[in-house]
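According to full-length UniProt numbering, the sequence shown is numbered sequentially starting from 1.
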Amino acid sequence: MKSFHKAFKDVYHTTPAEYRKQRDANIETKNLSKHEGTSYLSYDRDNAYVSLFKYLPSQANEPAAKLSEQSVMVKEYDIRLSGNGKPIKHTWKTLCTIGKAKEALYGPVQEHLKMIQEIVPFRYIRFHGIFDDEMMVYRKDAEGEPIFNFTYVDKVIDFLRSIGLRPFFELGFMPGELADKTKTIFYKTSYVSLPQNNEHWTSLLQSFIRHLASRYGAEEIKTWYFEFWNEPDVRLFWPYSFEEFTLFYRNSYRALKSVSPDLRIGGPSIVSDSLIKSDWIERYMTYCVQHDCRPDFITFHMYPLLLERGTLDNIDSPTGVQYAGEDYVKETIMKVKQTLRKWGAPGAELHVTEWNSTPHHRELTNDTCYKSAYIVKNIIENIDEVGSMGYWTVTDLLEELPLPAETFHGGLGLITNNGVKKPGFYAYELLAKLGDRLLDLGESYCLTMSQDGSYQLLLYHYCHFDQLYSMNDTSAIGSFNRYDVFTDSGQLNLTFRMDGIPAGNYEIRKYAINREHGSSYDLWMDMGHPEGMTPQDVQYLNMRSMPRQTVKQEAIGESFAIRSSLSPHEVQLIEIRPVY
């Protein structure tokens, strides 16, 4: 780190802290198109200081040692297994996500969705761009009258239904022939524009719903979700005023309800920072009540970012972005619920339609074991607290930015662009093995029970980003060294003394995700981190990077103890199943 700071001062003749202050002072707020500037979508934070890396010692980008030599943490718990516990719905299974609607027709994306559905499965899927030009839903005839075509829409929905998924539509973006084409987003262009013809937009919405009702049944589409727009609090997605958005929402809401009054229409799909630091949601709710367009459900997105200016005006300038603390998800959900209670809707149906540890498409920690512990921690800490938690996204095949050639480029997905399962994928596989009764929940663990009398003990050792990385200092991370940016608390030893279990013979099966097992990135490193991945390499990684399993049988009395050791970022599931 001293080498980095010296190199920085040699090049820029100032310290990193002073440079950051000077840089931030010179930032001008401006609208960005896909051809200008940067954004929180395109920012490559892990290469932000690449020009300075040549000044670092050569070993800075070499593979790091896998085992920490720091102290051991010890935690002990006494658990009384009495009663049937609390029923749980596992609402985290409600929703999964992909990038855009058209991507659901790509063969590899379909395979990735089938892979995740085999282990969970999810009930709904959310995506952008149902009205994007590549879906070919809207064009004009020679007289300028609209022509609608829902062929690709049908193909998307038919495939999703074939694998057990119902649509959770995000109603956007604007068809090109209806849009102001200067207002765009994404590498594969979407238009974030008001309609240039309100009558045609209304006709599109109504024709869309009528078509769905005709093809899939009026009762069936009442079970679907229709979320209006995406992040209207962020000017990248809504380059207009709050007042223009609410009027647009109201008119669209009424158009949809005029066709099917029982249709579930919700929103506003804003980012969590707006919910916490502004009165955006209160103003929105007040407007909805006053104009009779109250949403049937509330949605928001959750990325643990702290913005220095306390506003979203500069979210497209990542220089003002830092990572929040490790309890951000739990604290944010609590604050959102408090806001809804204050507004008078304590029982509102609440959906997190996007969440991740980062919104960045090139975040190198996305491929590591860190992500499995992050997912498990935040799902079990918030189990059934919201109607859904749509992890963004299932796959790295996402066309918001140019697709990287590298397999482990830090993409947002659970599966790489060529079909390699990441540790986050296996986190969901272990979560799916939990029972439907919650017996106990505490720091680093969750205990459930199934109807057949078996128990499931899920453990995790979460380690958060260290202070420098949280402050956007990426000098300690590289493609081949991704674990030096965490607070490393060493090994975690857990002991659970359990009383009240029925005496008998049990099979005890343990699954483990760590750097030796269940981590395709770490196995790729052991392979020699090949640049070009052949189909044989992908097959090898998927076969060899599965979670470790051990099985034993044990005669248990009315009390017994489970002891387990976890390395940093490790996740374990221990199944205790009666043998009759």
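Ideal Cβ placement from N, Cα and C applies to all residues, glycine included.
None of these values were measured; they are calculated from a predicted model.
Residues near residue i in its chain [Cβ-Cβ closer than 8 Å; skip 5 each side]
i	result
residue 257	263, 265
residue 452	577, 578
residue 500	80, 81, 82, 558, 559
residue 386	91, 333, 350, 351, 352
residue 114	163
residue 339	275, 281, 282
Where the beta strand (DSSP E) containing residue i begins and where it ends
i	result
residue 397	Unbroken run through residue 397: none, as it is neither H nor E.
residue 148	146-148
residue 182	That residue, residue 182, is in no beta strand (DSSP E); it is neither H nor E in DSSP.
residue 626	Only positions 1 to 580 of the chain appear in this structure, which leaves residue 626 out of reach.
residue 388	388-391
residue 524	From DSSP, residue 524 is part of no beta strand (DSSP E) but of the alpha helix (DSSP H) over 520-527.
residue 510	504-513
residue 456	455-460
residue 588	Outside the shown range of the chain (1 to 580) lies residue 588, about which nothing can therefore be said.
residue 140	138-140
residue 226	225-228
DSSP state of residue i mapped onto helix, strand, coil
i	result
residue 300	strand
residue 92	helix
residue 546	coil
residue 573	strand
residue 261	coil
residue 130	coil
residue 198	helix
residue 533	coil
residue 587	What is shown of the chain runs 1 to 580, which leaves residue 587 out entirely.
residue 167	strand
residue 450	coil
residue 352	strand
residue 423	helix
residue 86	strand
residue 483	coil
residue 124	strand
Delimiting residues of the alpha helix (DSSP H) encompassing residue i
i	result
residue 288	280-290
residue 328	328-343
residue 155	151-162
residue 218	218-221
residue 119	107-119
residue 371	370-381
residue 322	Where residue 322 is concerned, there is no enclosing alpha helix (DSSP H), although the beta strand (DSSP E) it sits in stretches over 321-323.
residue 440	Careful: residue 440 lies outside any alpha helix (DSSP H), inside the beta strand (DSSP E) at 437-442.
residue 477	Careful: residue 477 lies outside any alpha helix (DSSP H) and carries neither H nor E.
residue 75	Not the alpha helix (DSSP H): residue 75 falls in the beta strand (DSSP E), residues 73-80.
residue 468	467-470
residue 274	272-277
Own chain partners of residue i with C-beta closer than 7 Å, once the 5 adjacent residues on each side are dropped
i	result
residue 482	364, 365, 368
residue 72	490, 491, 493
residue 212	221
residue 523	541, 544, 545
residue 230	128, 170, 172, 237, 269
residue 295	265, 266, 267, 288
Rounded distance between the beta-carbons of residue j and residue i, thought under 8 Å
i	j	result
residue 330	residue 382	6 Å
residue 181	residue 132	That belief does not hold up - the Cβ atoms of residue 181 and residue 132 are roughly 13 Å apart, past 8 Å.
residue 305	residue 279	With a Cβ gap of about 19 Å, residue 305 and residue 279 do not count as contacting.
residue 226	residue 275	That belief does not hold up - the Cβ atoms of residue 226 and residue 275 are roughly 21 Å apart, past 8 Å.
residue 462	residue 326	7 Å
residue 408	residue 521	5 Å
residue 427	residue 375	4 Å
Same chain, Cβ closer than 6 Å to residue i, neighbours up to 5 away in sequence not counted
i	result
residue 419	538
residue 450	435
residue 546	none
residue 38	Because residue 38 carries a pLDDT of 40, less than 50, the predicted location of this residue cannot be relied on, and the following value inherits that uncertainty. Same-chain partners within the cutoff: there are none.
Residue i, buried or exposed, once every other Cβ within 10 Å from all chains shown has been counted against 16
i	result
residue 118	exposed
residue 233	buried
residue 222	exposed
residue 151	exposed
residue 299	buried
residue 183	buried
residue 99	buried
residue 190	buried
residue 571	buried
residue 543	exposed
residue 551	exposed
residue 534	exposed
Cutoff 7 Å: residue i Cβ touching any chain D Cβ
i	result
residue 142	Annotation note: the requested chain D is absent from the structure, which comprises a single protein chain.
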